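See below for the structure under consideration.
Residue numbers (the numbering used here): 1 to 108.
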């Protein structure tokens, strides 16, 4: 009887591991699909900008280069926005500290 319970436990562990592996694989596929969608949008935007500027006088390499430059620019902008948010938060903390210090001096 103990052997049957061990076999059952092993089956349940294996089933749980298989399910976890499938979920991880599904998440990886979803992430890959999202990346492809984002890259496609950048490529389409680059293609339309080049078509607007140069007509048909550009190559696929130009589209790839412009899309890469657009991605880099957006990443830099995101980093800059994060820094601004951090500085804003730090400024608020310092302002609260200054106000508390001034109020402490005024109350003395």
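All residues carry an ideal CB built from backbone N, CA and C; glycine is no exception. Predicted, not measured: the structure shown is a model, and the values here were computed from it.
query, result
"If the criterion is Cβ atoms closer than 8 Å, does the pair residue 69 and residue 45 meet it?", "no"
"Examine the Cβ distances between the region 32-49 and the region 59-79 and report whether three or more of them are shorter than 8 Å.", "yes"
"Assuming residue 67 contacts residue 42 (C-beta within less than 8 Å), just tell me the rounded distance between them.", "4 Å"
"Could you have a look at residue 56 and say whether DSSP puts it in helix, strand or coil?", "coil"
"DSSP on residue 41, reduced to helix/strand/coil?", "helix"
"Am I right that residue 50 and residue 62 are in contact with their C-beta atoms under 8 Å? What's the rounded C-beta distance?", "6 Å"
"CA-CA distance, residue 22 and residue 16?", "10 Å"
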